[in-house]
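Peer 1: The opening residue of the sequence shown carries number 25 in this note's numbering; numbering runs sequentially from there.
By construction, the Cβ of each residue, glycine as well, lies at the ideal position given by its N, Cα and C atoms.
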Amino acid sequence: MRDLVRRIEAATPPGRDRAVDALRAIAILGVVLGHWLVTALVADSGTLRAASPLRYQPELTPVSWAFQTLAVFFLVGGQMGAQSHACARARGISYRQWLRARLARLFRPVAAVLAVWAVAAGAMLGSGVSLLTVHTLLKLVLSPLWFLLVYAVLTAATPLVARLHPLWPLAVVLHVDLIRFGFGGPAWLGWINLAAGWLVPYCLGATWGRGMLRGRTAGWVLLIGGAAVTAGLVLFGGYPAAMVGVPGAPISNLNPPTLAAVTFGLTQCGAALLLRGPLRRVLARPAAWAVVALVNLSAMTVFLWHQTAMMAVSVTTLRLYGPLSGLHTVPDGPGWVLARLCWLPVFAGALLVCWAAFHGYEAGRPRKGGGGVVRGGGGVVRGGGGAVRGGSRIVREGRSAREARHVEKPSV
């Protein structure tokens with residue numbers, strides 16, 4: 025392990041912004057832990073149905089504030105996308121080649137998930153599992169993929185939105201909600217916010233990628249202003265306090281995104297910008313940086329398979345031991361919360377098994393004749409010309425620090 029840490033440190037160019045990698049890792053892990061904490065599979069008369077502890081225990085609402093971190097992901101994605109496209113243009117790479125490379129690396133692991141679950145769904149239906157149970161499981165696996173589609177669309181539009189001011193999409197979200205909730209407009213209008221809402225942090229990240237937002241003033245304005253507006257919308261505007269969807273709630277802040285979700289995302293973006301300095305100081309330590317690097321190497325695999333890991337544990341234990349607290353019971357009390365916390369390490373172990381089986385689809389095939397590659401998780405480290413294959417970019421030793429800052433891989 026010490027040798028791995030030393031090699032990762034040695035292969036990391038001095039110009040790499042480690043805080044960006046840390047923010048991406050925080051965003052992905054926040055989504056994973058959030059899903060594990062607020063999603064329950066309740067065993068009910070031979071079927072499994074999804075339930076949320078936020079419905080039965082509203083006092084847990086602050087959990088959704090801590091673990092709904094998608095805005096930070098889109099912030100980092102916008103920063104990476106703007107820098108990557110600018111670098112590609114400078115090197116004479118066409119837009120089509122640039123986009124094809126980014127989307128291929130983005131969706132290669134998705135194909136593995138879809139293939140496995142297509143076979144699993146057929147096997148479950150063939151063995152007599154109820155259609156409701158299969159629908160519940162498939163929904164939990166496939167519903168998080170919506171964000172990858174939105175991210176792909178925003179990535180494709182990077183040349184157009186790289187210089188778009190974040191206030192423009194924010195104005196779209198404001199007017200959509202005003203028509204929906206203020207004037208009784210059609211509900212389908214809210215789906216415009218699926219693109220416009222996440223375009224706000226993406227544009228903010230592109231602004232960051234152009235070398236702006238370097239000071240702390242912007243971070244404080246976003247943090248304080250976003251928090252104040254979000255609090256006003258919740259207290260006086262009728263928006264729900266939970267920043268994730270709650271089954272049975274009349275309004276969801278996330279599906280589709282509302283103005284409250286977007287302003288809350290701006291709050292998180294402000295906090296992320298303020299954390300850049302402290303994160304850089306912490307990640308100057310080789311051991312801390314190695315952990316972040318390894319998480320980023322498997323970010324896509326972790327995101328795509330974390331729900332599968334949770335469901336595998338739930339289904340297996342249900343068949344072996346029957347309904348267990350924290351897994352198959354209604355999440356209506358503190359006992360369920362304490363039991364669920366105890367199950368988190370088991371979910372993590374199942375996710376590690378999924379990673380071992382499928383992380384190769386994220387890493388792709390190494391190039392022949394190139395330098396070594398530092399790959400996370402599996403501890404495969406090869407010296408030589410050395411490349412660090414990060415969750416967001418590939419940085420090869422021997423390139424200048426300026427080139428290293430711009431050559432990227434999709435930030436998932």
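#1: Bridge partners for leucine 65 per DSSP, in chain order?
#2: Does the separation of the CB atoms of glycine 221 and alanine 285 fall below 8 Å?
#3: Over what stretch of residues does the alpha helix (DSSP H) that includes threonine 291 continue unbroken?
#4: Quick check on the DSSP output: the alpha helix (DSSP H) that includes glutamine 331 runs from which residue to which?
#5: Tell me, which residues are paired with leucine 278 by DSSP?
#6: Classify aspartate 27 as buried or exposed, calling it buried when 16 or more other Cβ atoms lie within 10 Å of its own Cβ.
#7: Less than 8 Å separating the beta-carbons of valine 326 and leucine 375?
#8: Suppose the cutoff is 7 Å on Cβ atoms and the five residues either side in sequence are ignored; what does the same chain contact list for leucine 99 look like?
#9: Buried or exposed: where does glycine 235 fall if 16 or more other Cβ atoms within 10 Å of its Cβ makes it buried?
#10: Give a yes or no on whether the C-beta atoms belonging to valine 87 and alanine 51 are separated by under 8 Å.
#11: Buried or exposed for glycine 101, going by 16 or more other Cβ atoms inside 10 Å?
#12: Here's the rule: buried if 16 or more other CB atoms are within 10 angstroms of the residue's CB, otherwise exposed. What is threonine 231?
#13: Please give me, in chain order, every unbroken run of the alpha helix (DSSP H) with length at least 4 that falls completely inside the region 161-218.
#14: Can you check which of these residues, Ser338, Phe260, Gly346, His199, is closest to tryptophan 60 by C-alpha distance?
#15: To the nearest angstrom, how far is the alpha carbon of threonine 10 from that of serine 118?
#16: Could you check if threonine 93 is buried or exposed, using at least 16 other CB atoms within 10 Å of its CB as the buried criterion?
#17: Considering only the alpha carbon of each residue, which of Tyr345, Asp356, Met324, Arg113 lies closest to histidine 383?
Peer 2: Working from what's here:
#1: In the DSSP assignment, the residues bridged to leucine 65 are Ala74.
#2: Cβ atoms of glycine 221 and alanine 285: closer than 8 Å.
#3: Annotation for threonine 291: the continuous alpha helix (DSSP H) segment containing it runs 283-298.
#4: Note, glutamine 331: alpha helix (DSSP H), 323-345.
#5: Note: leucine 278 sits in a beta bridge opposite Pro281.
#6: Counting Cβ neighbours within 10 Å, aspartate 27 comes out exposed, since fewer than 16 surround it.
#7: Yes, they are a contact pair.
#8: Sequence-distant partners of leucine 99 (beyond 5 residues in either direction) whose C-beta falls short of 7 Å from its own C-beta, in its chain, are Pro225, Leu228, Gly229, Cys293, Ala296.
#9: Answer is exposed; the Cβ neighbour count stays below 16.
#10: Remark: C-beta atoms of valine 87 and alanine 51 do not approach each other more closely than 8 Å.
#11: Residue burial annotation: glycine 101 is buried, with at least 16 other C-beta atoms found within 10 angstroms of its C-beta.
#12: Buried: at least 16 other Cβ atoms inside 10 Å.
#13: Listed in chain order, the complete alpha helix (DSSP H) runs (minimum 4 residues) inside the region 161-218 are 170-180, 182-185, 191-201.
#14: Of the candidates Ser338, Phe260, Gly346, His199, the one whose C-alpha sits nearest the C-alpha of tryptophan 60 is Ser338.
#15: The question about residue 10 has no answer here: the residues shown for the chain are numbered 25 through 436.
#16: Buried, since its Cβ has 16 or more Cβ neighbours within 10 Å.
#17: The shortest C-alpha separation from histidine 383 is found at Met324.
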